[in-house]
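Structure record follows, encoded as structure tokens.
Number of protein chains: 2
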Amino acid sequence: MTTIIDVARLAGVSKTTVSRVINNYPHISPDKKNQVLQAMEQLGFTPNPSARRLRGQLATTIAVVVPKIVNPFFSYLVDAIEQVGYRSGYQTLICQTNEDKEKELSYLNLLRTKQADGIIMTSIENDWAQIEPYTEFGPIVLCNEYINKPDVPMIRVDQYQGTYIGVKHLIERGHRKIAYCTGGLFTEFGKDKDRNRGYQKALEEAGIPVNPAWILVDKHTIGDGKQVMQLLMEMKDRPTAVFAGSDEIAGGLMMAAKRAGLRIPDDLAIIGFDDQPIAEVLDPGLTTIRQPIARMGKKAGEILLAMLNEPSQGPAVYELPVELIIREST
Amino acid sequence: MTTIIDVARLAGVSKTTVSRVINNYPHISPDKKNQVLQAMEQLGFTPNPSARRLRGQLATTIAVVVPKIVNPFFSYLVDAIEQVGYRSGYQTLICQTNEDKEKELSYLNLLRTKQADGIIMTSIENDWAQIEPYTEFGPIVLCNEYINKPDVPMIRVDQYQGTYIGVKHLIERGHRKIAYCTGGLFTEFGKDKDRNRGYQKALEEAGIPVNPAWILVDKHTIGDGKQVMQLLMEMKDRPTAVFAGSDEIAGGLMMAAKRAGLRIPDDLAIIGFDDQPIAEVLDPGLTTIRQPIARMGKKAGEILLAMLNEPSQGPAVYELPVELIIREST
DNA sequence: CAATGAATTGAAACCAGTTTCAATCATTTT
DNA sequence: AAAATGATTGAAACTGGTTTCAATTCATTG
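Chains P and R are the protein sequences, given in the same order.
Taking full-length UniProt numbering, the leading residue of the first sequence gets 1, the next gets one more, and so forth.
Taking full-length UniProt numbering, the leading residue of the second sequence gets 1, the next gets one more, and so forth.
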């Protein structure tokens with residue numbers, strides 16, 4: 001390992017001067033600056049980040065908390081964040097919680113130990129009260145998941161609007177028996193609550209009563225979608241349309257429905273959420289609510305970097321628009 | 001920030017002793033050990049990893065190099081690696097190259113600067129000659145991608161066998177005009193070369209000449225699959241089957257084929273590679289070559305951890321089996 | 001020409017840990 | 001009882017950088 005001292009020796013200056021060159025401080029004579037630069041070049045010197053970090057100087061790592069990286073929604077989000085970070089010289093640390101509260105907290109500790117300079121949370125397992133104390137150690141930005149606190153920086157889409165226009169679209173297609181299955185359990189606030197509100201509101205406006213049997217929560221994967229279809233088939237009073245909380249669930253639903261001999265959209269209309277690549281290759285093409293995933297990730301990254309560079313930055317809430325993409329499944 | 005000195009003060013010992021407790025050194029009286037543990041507990045103390053790392057003690061980060069995290073194959077691989085790492089207290093750093101040589105090298109520098117203790121590469125952009133020097137700074141394990149060097153630890157599947165059994169399956173179904181499209185350009189060695197060999201060998205055994213017009217390289221995404229279908233449709237002499245290098249490409253192919261009015265598998269048989277979730281929801285279900293992705297990632301993680309803990313560990317090459325999954329697209 | 005102030009530089013302290021080395025104390029061995 | 005051995009402990013040095021502080025040099029001003 002070549003160190004700053006090797007460089008100093010070769011350049012014939014003190015290590016202080018070398019440090020000044022590294023950090024682009026003013027008031028160094030062009031002469032010495034060149035000697036140092038040459039010496040660094042010659043030795044292939046890279047400052048040791050641990051040492052810089054220890055003295056509180058370096059910031060190079062952002063952590064992204066996701067529930068499951070194999071969920072394409074989150075991998076696209078991470079993709080966007082990583083790209084913003086990389087351009088500014090930041091490394092991206094993947095933190096996969098698997099929806100485990102303890103694992104989430106262990107990742108928040110990265111802030112305290114300065115292993116991460118800031119964190120973007122795309123999901124929240126613990127109560128905000130548990131998480132809030134960690135903001136003392138570095139900025140935390142929410143992206144996708146959100147809570148009811150105006151002083152927390154957030155990038156969100158209007159989930160209420162998303163389900164509302166989706167369900168309304170189904171109603172306009174003539175459906176009155178609309179099932180609803182989505183990821184999160186009903187929480188007091190946040191994403192899942194808002195989605196639920198959008199669903200209820202659309203039904204209410206059309207004078208349709210809510211049937212609790214048609215509301216299925218804690219569904220995430222293609223496998224879950226297949227299971228839900230199984231459930232629906234066994235019902236005496238079967239819905240004619242399903243609003244799915246993700247394109248994966250919708251894919252599983254569609255697959256199982258076709259296996260059961262249902263025609264889509266005639267016997268069963270299906271609408272998804274996210275507009276992931278899979279939505280397009282399903283047959284029939286999946287009508288879905290498009291989330292601007294790349295823009296969300298980009299914005300979240302930019303906000304976090306801004307907070308790191310300018311700690312006085314006030315928290316801001318950004319809301320990005322959703323869009324109904326109509327294909328052939330409705 | 002509470003430091004080791006705060007703990008030492010509270011426990012009434014020197015920081016040396018605290019350090020010894022942290023690192024589980026022998027020869028500490030149970031008395032003092034308890035005092036220290038209590039003090040650490042009481043202050044909620046976590047050692048600063050930068051400081052430990054600086055002294056060359058701590059190893060906690062492994063980096064995973066992937067071309068694109070949004071490619072499900074790689075996100076599943078990262079998922080498996082992350083889980084192995086987490087269990088042993090390692091953080092996982094995502095390194096997305098976007099197939100950029102420079103970006104890849106910049107990530108290898110993580111080793112040199114001790115920001116990562118070891119690296120798992122799932123793709124290789126640069127020549128191994130460029131990469132090899134970095135092994136001086138820490139272990140590098142190849143997973144998925146491979147090269148022709150026995151002294152580099154690798155986890156691979158038999159790509160030759162994969163394409164061979166896939167193409168052979170098509171031949172057994174009566175096809176003699178078999179197109180082939182895959183990701184990588186043809187390299188001297190490695191994955192793509194072997195796949196190509198498997199394709200050629202299967203054709204050769206059946207006495208079928210290779211038609212270069214039906215070999216398409218540098219294809220990765222659903223979009224690429226759609227484009228390839230376009231190309232195939234325009235051909236005078238059209239293949240009756242396509243071997244696709246990934247399930248995504250296959251999905252794009254299938255979608256475009258159905259749009260063009262082709263029946264699958266009657267007018268066109270399609271076989272994919274990987275056996276990702278998408279393979280199952282496609283209609284008809286996609287016949288594909290299953291790679292044991294989770295096992296590959298797990299093994300790669302284990303090998304890397306073993307090398308970190310026992311640097312004398314000799315390099316090893318592990319080969320995992322592929323499997324033909326027959327669904328309805330062939 | 002003396003006084004002032006800014007530019008340039010390096011010695012030493014500092015960050016938060018680990019490791020070396022030597023001192024102390026208790027046990028065994030001779 | 002003296003000597004040898006081993007366990008326990010802390011002071012100080014060390015990791016590789018950054019930052020503070022003071023000294024020196026140089027140009028500018030009154």
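A virtual CB, placed ideally from N, CA and C, is assigned to each residue, including glycine.
Cα-Cα separation between residue i and residue j, rounded to whole angstroms
i	j	result
H220 of chain P	A300 of chain P	24 Å
R53 of chain P	A244 of chain R	47 Å
T17 of chain P	F45 of chain P	15 Å
A206 of chain R	G166 of chain R	13 Å
K177 of chain R	V322 of chain R	24 Å
residue 334 of chain P	L110 of chain P	There is no way to answer for residue 334 of chain P, as the model of chain P reaches only from 1 to 330.
M307 of chain P	I120 of chain P	12 Å
L282 of chain R	R263 of chain R	14 Å
D266 of chain P	I278 of chain R	24 Å
L268 of chain R	V242 of chain R	7 Å
D237 of chain R	F73 of chain R	33 Å
T60 of chain P	T3 of chain R	22 Å
L108 of chain P	Y134 of chain P	7 Å
I62 of chain P	Q91 of chain P	6 Å
H27 of chain P	N309 of chain P	23 Å
P209 of chain R	Y180 of chain R	13 Å
Y25 of chain P	A213 of chain R	60 Å
M1 of chain R	P139 of chain P	16 Å
Q230 of chain R	R20 of chain P	59 Å
A80 of chain P	Q96 of chain R	11 Å
Residue-level contact to chain P via CB, residue i, 8 Å cutoff
i	result
residue 337 of chain R	The structure shown does not extend to residue 337 of chain R, since chain R is modelled only from 1 through 330, so no value can be given for it.
D224 of chain R	no
Q96 of chain R	yes
K168 of chain R	no
E205 of chain R	no
Q227 of chain R	no
L54 of chain R	yes
Q291 of chain R	no
Q91 of chain R	yes
Residue i: contacting residues in chain P (beta-carbon distance under 8 Å)
i	result
K114 of chain R	N48, P49 and S50
D79 of chain R	K68, I69, V70 and Q96
T288 of chain R	What T288 of chain R touches in chain P: nothing, since even the nearest Cβ is about 14 Å away.
E82 of chain R	I69, I94 and Q96
Strand pairing of residue i, partner residues [DSSP]
i	result
M255 of chain P	Partner(s): none; M255 of chain P has no beta bridge.
T61 of chain R	R:Q91
A129 of chain P	None, per the DSSP bridge assignment.
V322 of chain R	According to DSSP, which records beta bridges pairwise, V322 of chain R is partnered with nothing at all.
Q96 of chain P	P:V66
T288 of chain R	R:G272 and R:I325
I215 of chain P	P:Y180
E118 of chain R	Sequence check: residue 118 of chain R is Gly here, not Glu. BP columns for G118 of chain R point to R:I62.
F243 of chain R	R:Y180 and R:I271
Integer-rounded CB distance, given that residue j should sit under 8 Å from residue i
i	j	result
I271 of chain P	L170 of chain P	6 Å
K101 of chain R	E125 of chain R	5 Å
P292 of chain P	R327 of chain P	No, P292 of chain P and R327 of chain P are not in contact; Cβ-Cβ is about 18 Å, not under 8 Å.
Y146 of chain R	G198 of chain R	Actually they are not in contact, since the Cβ atoms of Y146 of chain R and G198 of chain R sit about 14 Å apart, beyond 8 Å.
L286 of chain R	S329 of chain R	5 Å
A11 of chain P	A39 of chain P	4 Å
I303 of chain R	P150 of chain R	Between P150 of chain R and I303 of chain R the Cβ distance is about 15 Å, and since that is not below 8 Å, they are no contact.
D192 of chain R	E319 of chain R	Not a contact, Cβ separation roughly 17 Å.
R290 of chain R	D275 of chain R	4 Å
Beta-carbon neighbours of residue i, restricted to chain P and to distances below 9 Å
i	result
I278 of chain R	I222, G251, P277, I278 and V281
N109 of chain R	T46
K258 of chain R	D283
Within chain R, the residues that residue i reaches when beta carbons sit closer than 7 Å
i	result
S75 of chain P	I69, V70 and S75
Where residue i meets chain R, residues with beta-carbon distance less than 8 Å
i	result
M255 of chain P	E280, V281 and D283
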